[in-house]
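Remarks on the structure that follows.
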Amino acid sequence: MTSRIPLTTWEKKVFAFLCSAAKHTTTSTPAVELRVVGGWVRDKLLGRNTNDIDIVVLHASGPQYALRLRDYAKAQRTHGLSEHADVPHVSSVIQFTPSKTASKFVDTAKVQIDGNSVDFVEVRSVDPLDSRGLKNYETSLEYDAFSRDFTINSLYYNLHTSRLEDFTNRGLEDLSKMIIGTPINPDATLRDDPLRAVRAVRFACELGFDLCQSLDKGLRDEKIHRLLGSEVSRERIGVEVVRCINSDPMKGLRLIQELGMAKAIFGYDEGFDNGVNRSEFALDIKSSVSSGDSVFPSSDQVLVFSSLIWDTQLVKLVLHEALRLSKKVAKRGRNIY
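Here the sequence shown stands for residues 1 to 337, where the numbers follow my numbering.
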């Protein structure tokens with residue numbers, strides 16, 4: 001794992017322009033500050049390719065800064081006053097408010113910059129009524145970091161100083177140890193957004209990481225399972241499950257099995273162990289034959305879902321109700337056998 005953030009030519013150009021826009025469009029003090037946070041920072045440090053850029057904005061809302069950025073870019077293109085010879089094309093500022101069940105109930109702006117999506121969201125403000133033990137943090141940035149899902153996603157890259165910032169003092173350590181842990185007590189983190197239970201499994205699959213002991217224990221809590229089943233939309237769960245299966249299907253299924261989360265995720269648990277074993281058997285056979293001779297589908301996703309369902313009732317329960325999968329995937333899962 002590298003300790004520095006290597007930037008592409010495009011990232012250097014865009015980040016410099018974002019800072020210029022923050023400097024020249026701020027109408028009050030203190031000045032707007034910008035930091036990339038989350039998956040982009042994590043993946044850069046791991047040497048993984050990433051286009052997922054989320055930027056937190058201090059001293060302005062995400063939509064406020066995004067609109068200023070769009071107008072600033074337009075003015076530079078029109079009048080040629082930019083400090084940068086190559087002004088990025090900024091368009092399609094879309095403002096949206098996440099669901100109340102999402103972990104960050106704040107306004108966000110999605111902006112197209114040279115055809116790439118960049119999200120801007122305001123740094124979380126300290127909530128004096130916070131019940132998670134975070135109300136005593138002195139700065140919004142600390143509060144923002146400790147409010148996030150996992151320490152490895154709580155790392156910041158300051159666009160103004162080009163420095164890494166680890167406010168939890170655990171993000172870099174957990175990243176180097178290849179473990180997934182929460183910034184605060186796992187119970188509080190998971191209750192804040194129960195979908196994080198499935199996201200923990202997904203990151204374990206995608207990154208090849210292990211769950212830390214306290215998070216593993218928290219994920220076994222039936223109260224969290226009930227919250228996941230009752231408070232999170234099935235579509236959000238389905239997206240995370242598909243990503244698990246597309247990366248490391250057997251690790252994902254085994255974790256869900258061991259943590260007792262099958263019913264909350266798939267809608268059933270009786271017979272789930274047999275479904276997991278069938279999935280492993282089918283994947284093993286598929287890997288043992290040449291692709292040209294294989295009778296199996298090329299997609300592990302379809303093969304796994306087909307192994308988890310073996311009657312018409314489960315087809316409806318798992319594919320349509322529990323995970324709300326796309327019609328295309330659901331149809332392929334129904335027809336494979």
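Note that beta-carbon positions come from the ideal geometry of N, C-alpha and C, so glycine has one too.
Taking all protein chains shown into account, W40 has 16 or more neighbouring C-beta atoms within 10 Å of its C-beta and is therefore buried. The beta carbon of S91 lies closer than 6 Å to those of Q112 in the same chain, with the five residues before and after it left out.
Note on E231: under 16 other CB atoms within 10 angstroms of its CB, so exposed under the neighbour-count rule. Buried is the label assigned to E240, since at least 16 other Cβ atoms lie within 10 Å of its Cβ.
Take the alpha-carbon of K251 and the one of L215: they are about 17 Å apart. Scanning its chain for C-beta atoms nearer than 8 Å, with the 5 sequence neighbours on each side dropped, one finds around L283 the residues P249, M250, D300, L303, V304, in chain order. By the criterion of a C-beta distance shorter than 6 Å, R170 is surrounded in its chain by T151, once the five residues flanking it on both sides are discounted. Taken in chain order, the unbroken stretches of alpha helix (DSSP H) that lie wholly in the region 156–209 and span 4 residues or more are 171–177, 186–192, 196–207. Taking the Cα positions, K74 is about 21 Å away from V121.
Residue pairing by DSSP places I94 opposite K110 in a beta bridge. Bridge partners of V242 according to DSSP: none are assigned. Following the DSSP letters along the chain, one finds I53 inside the beta strand (DSSP E) bounded by residues 53–58.
Each of T27, R68, F96, D114 was checked against the Cα of K13, and the nearest Cα belongs to D114.
Only exposed fits G271, as fewer than 16 other CB atoms lie within 10 angstroms of its CB.
Exclusion of the five residues before and after A197 leaves L190, L219, I224, L228 as the residues of its chain whose Cβ lies within less than 6 Å of its Cβ.
Inclusion of G38 and N153 in the CB contact set at 8 Å is warranted, their separation being smaller than that value. Listed in chain order, the non-local C-beta contacts of P63 below 8 Å within the same chain comprise V93, Q95, D107, T108, A109, F120, local neighbours out to five positions each way being set aside. L323 sits close to I237, with the two beta carbons spaced by under 8 Å. Contact between T168 and P183 holds: their C-beta atoms lie close to 5 Å from each other, under 8 Å. DSSP places N49 in the coil class of the three-state scheme, outside both helix and strand.
Out of K263, L255, G260, L141, the CA that lies nearest to the CA of L34 is found in L141.
In the same chain as P30, and ignoring 5 residues on each side of it, the C-beta atoms closer than 6 Å to its own belong to H59, in chain order. For L45, the closest alpha carbon among the candidates I5, N246, C205 is that of I5. Exposed is the label assigned to D273, since fewer than 16 other Cβ atoms lie within 10 Å of its Cβ.
In summary, Q213 is exposed, with fewer than 16 beta-carbon neighbours lying within 10 Å of its beta-carbon over all protein chains present. Within the DSSP bridge table, the entry for R35 names V56, N158 as partners. Of T8, W10, C19, E11, the smallest CA-CA separation from T161 is found for C19.
Y156 and V123 have their alpha carbons spaced roughly 12 Å apart. For a cut-off of 8 Å, the C-beta gap from I256 to V201 is around 6 Å, short enough to register as a contact.
Using a Cβ distance threshold of 8 Å, I180 and F203 count as a contacting pair. Cβ neighbours of V276 within its own chain (closer than 6 Å, five residues either side excluded): L253, Q257. In the three-state DSSP reduction, V118 falls in the strand class (E or B).
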